[in-house]
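**Q** Just passing along the structure, written as structure tokens.
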Amino acid sequence: YYGDGYQAKNYNEKTNYYRVQKLLEKAESGNDITIGVIGGSMTAGANAEPMETNCYGARLKAWFESTFGIDVNFINIGIGSTNSYFGCIRAEEKLLRFNPDLIIIEYACNEQLEDIYLDSYESLIRKCWKNPGEPAVISLMLCTQAGISKIERQYPIAQHCQIPIVSYNDAIKDEIIKGEKTWLDYYQTSTLIGGDGIHPNTTAHQKIADLIATELLEGKKASNIDRMASLPAPLYSNILEDAFYLNETDITPVQTGVWSAGGSIWDFGTGKGWRSEIANSELQFKINGDVAAVTYWKRPANENFGTAQIWVDDNPAVVIDGSNGEHIDQIILTDLGVGEHILHIKLLENKKFEIVCIAVSGERSYWNGRYYLENVANNLRLTISDNDITMNPNGTGFNVSHTDDGYIAFNENNSYLSVNAATGALELSSNLDTASKFLY
4 YYGDGYQAKN YNEKTNYYRV QKLLEKAESG NDITIGVIGG SMTAGANAEP
54 METNCYGARL KAWFESTFGI DVNFINIGIG STNSYFGCIR AEEKLLRFNP
104 DLIIIEYACN EQLEDIYLDS YESLIRKCWK NPGEPAVISL MLCTQAGISK
154 IERQYPIAQH CQIPIVSYND AIKDEIIKGE KTWLDYYQTS TLIGGDGIHP
204 NTTAHQKIAD LIATELLEGK KASNIDRMAS LPAPLYSNIL EDAFYLNETD
254 ITPVQTGVWS AGGSIWDFGT GKGWRSEIAN SELQFKINGD VAAVTYWKRP
304 ANENFGTAQI WVDDNPAVVI DGSNGEHIDQ IILTDLGVGE HILHIKLLEN
354 KKFEIVCIAV SGERSYWNGR YYLENVANNL RLTISDNDIT MNPNGTGFNV
404 SHTDDGYIAF NENNSYLSVN AATGALELSS NLDTASKFLY
């Protein structure tokens, strides 16, 4: 019920459109681009028919291709029942390494009200924005069939970062108030005539793509186009800005107790984690960073999932409950201090418990020095010769240094190791500004 009416906000009065204009200039010049979308089930395309070709990201890809006559590489890492924390820990591996030109972030429906989701949402925006390719980043605000959205919590963060905001939430409410549309126009499907109460349909996904395209074209006309060298200090927090996940193939526990690798109930694209159902069994990991997180399953009570203790070093333990739910959850431990730590996970009862993955973020210690980069499959080392890169048994030692923005760089005689954005091949750059930076 909207009382006497509904007035949509103007979210983009102070938006900086430099990166949007750079994106459109690239497309107008006939250059292919990469689009990435990250979010929950709505981004994945739930209720679009079919979701692979009619989700809003695929429709936006089609708009770019038909408007500019280019090819678009489309990467969709939306996963149902996930939030911006999970987006933060997956973004580097699943999206950012492909150097996208445009990133759409959508979590307005899946976030909870705890303050940690303000931290993780801001961290995700900052993480995507600081990717070396300088992508255009857009905050997308969707809503459920009942008009429920966390837009009021999220839009101040997007405004603080001066990125464009696209609010489908506001656009359809405006149409409904005017009597031009009803909720079912955007939510019913051929199999769910009344809608499922949550997910937008094919018509809605096209609407979302149209709104994004309109905002891009509006940005083309904008005058606020000075290049921002950096984002302002965080409005809330950036504790997960450089977070990344570790699964059973990425890290070997220093103690396994009676935990075993594998067994993920659903595939969340982060490996299969660890599981146990033996009381007092303790899993330990050696980590490097001042933030540690554990992603775990909450399952229905009839599946006999129990509780576990989580702690780092000698800090007090936190008890987490793996029952009475049907989704993944997380515990985030902060202010650990720079350097190495031991993360402990101890099962408290003879009930099932499953770790989806762990994650590390924040300030950590770096071992600056000289190292050989070796291919462990064939024992060959990376070698620089005549400003070219080859592999041979000897190899060239690289200086490894921690960059100011949280990455590491490899250099030798003022040549920086880099990755060709088009081919993925290793190459050398003459200075750090044009070289690739690598996540530690």
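For the sequence shown, this note's numbering assigns the number 4 to the initial residue and increments by one for each residue that follows. Note that beta-carbon positions come from the ideal geometry of N, C-alpha and C, so glycine has one too.
(1) Where DSSP assigns a beta bridge to residue 439, which residues make up the other side?
(2) Is it true that the stretch 106-125 meets the stretch 45-63, where meeting means three or more beta-carbon pairs spaced less than 8 Å apart?
(3) How many whole angstroms separate the CB atoms of residue 355 and residue 430, which I take to be in contact at a CB cut-off of 8 Å?
(4) Does the beta-carbon of residue 4 have 16 or more other beta-carbons within 10 angstroms, so that it is buried, or is it exposed?
(5) Ignoring anything shorter than 3 residues, give me the beta strand (DSSP E) runs that lie fully in the stretch 357-393, in order along the chain.
(6) Count the CB pairs spanning the stretch 159-169 and the stretch 177-191 that are closer than 8 Å, and state whether there are at least three.
(7) Any chance the stretch 14-25 sits against the stretch 223-232, with 3 or more Cβ pairs inside 8 Å?
(8) Quick one: what's got a C-beta closer than 6 Å to residue 80's C-beta in the same chain, skipping five residues either side?
(9) Quick one, which of 399, 360 and 326 has its alpha-carbon nearest residue 390's?
(10) Going by the DSSP bridge assignment, what does residue 302 pair with across the sheet?
(11) In chain order, which continuous runs of the alpha helix (DSSP H) of length 4 or greater are located wholly inside the stretch 58-91?
(12) Between which two residues does the beta strand (DSSP E) harbouring residue 209 extend?
(13) Could you check where the alpha helix (DSSP H) with residue 22 kicks off and where it finishes?
(14) Secondary structure at residue 11, three-state DSSP: helix, strand or coil?
(15) Do we get a CB-CB distance below 8 Å when we pair residue 364 with the residues of chain C?
(16) With a 10 Å radius around its C-beta and 16 neighbouring C-beta atoms as the bar for buried, classify residue 123 as buried or exposed.
(17) With burial defined as no fewer than 16 other Cβ atoms inside 10 Å of the residue's Cβ, what is the status of residue 357: buried or exposed?
(18) How far does the alpha helix (DSSP H) with residue 277 in it extend, from its first residue to its last?
(19) Just the C-alpha distance for residue 314 and residue 185, rounded to the nearest angstrom, thanks.
(20) Using DSSP with H/G/I as helix, E/B as strand and the rest coil, what is residue 295?
(21) Does residue 172 pass the burial test, meaning 16 or more other C-beta atoms within 10 Å, or should it be called exposed?
(22) Tell me, which residues are paired with residue 248 by DSSP?
(23) Give the DSSP-derived three-state secondary structure of residue 270 in the structure shown.
(24) State the Cα-Cα distance for the pair residue 250 and residue 359, rounded to the nearest angstrom.
(25) Counting only the same chain and skipping the five closest in sequence on each side, list residues whose C-beta sits under 8 Å from that of residue 301.
(26) For residue 239, which option in 156, 103 and 343 has the closest C-alpha, if you only look at C-alpha atoms?
(27) Between the stretch 281-292 and the stretch 336-355, can you find at least three pairs of beta-carbon atoms closer than 8 Å?
(28) Could you compute how far the alpha carbon of residue 21 sits from the alpha carbon of residue 365?
(29) Do you know whose CA, among 441, 424, 349 and 353, lies nearest residue 101's CA?
(30) Could you tell me which residues DSSP pairs with residue 1 in its beta bridges?
(31) In whole angstroms, give me the CA-to-CA distance for residue 404 and residue 53.
(32) Using alpha carbons as the reference points, say which of 104, 152 and 149 lies closest to residue 132.
**A** With the given structure in hand:
(1) DSSP, once it has assigned bridges, lists no residue as partnering residue 439.
(2) yes
(3) Taking C-beta atoms under 8 Å as the contact rule, residue 355 and residue 430 fail to qualify, at a distance of about 48 Å.
(4) Below a pLDDT of 50, predicted positions are generally treated as unreliable, and residue 4, at 48, falls in that range; no measurement from the model is reported.
(5) 372-374 and 383-388
(6) no
(7) At 8 Å Cβ cutoff, the stretches touch.
(8) 41, 97 and 98
(9) Closest by alpha carbon: 399.
(10) As DSSP reads the structure, residue 302 sits in a beta bridge with 326.
(11) The stretch 58-91 contains these whole alpha helix (DSSP H) runs: 59-71.
(12) Where residue 209 is concerned, there is no enclosing beta strand (DSSP E), although the alpha helix (DSSP H) it sits in stretches over 205-223.
(13) 21-31
(14) coil
(15) Here there is only one protein chain, and chain C is not present.
(16) Buried.
(17) buried
(18) First-last for residue 277: 277-279, but that is the beta strand (DSSP E), not the alpha helix (DSSP H).
(19) 50 Å
(20) strand
(21) buried
(22) 362
(23) coil
(24) 8 Å
(25) 308, 324, 325, 326, 327, 328, 329, 330, 331 and 332
(26) Checked all of 156, 103 and 343; the closest Cα to residue 239 is 156.
(27) Yes: the two stretches touch, three or more of their Cβ pairs being nearer than 8 Å.
(28) 28 Å
(29) 424
(30) Since the first residue of the chain shown is 4 and the last is 443, residue 1 is not available in this structure.
(31) 47 Å
(32) 104
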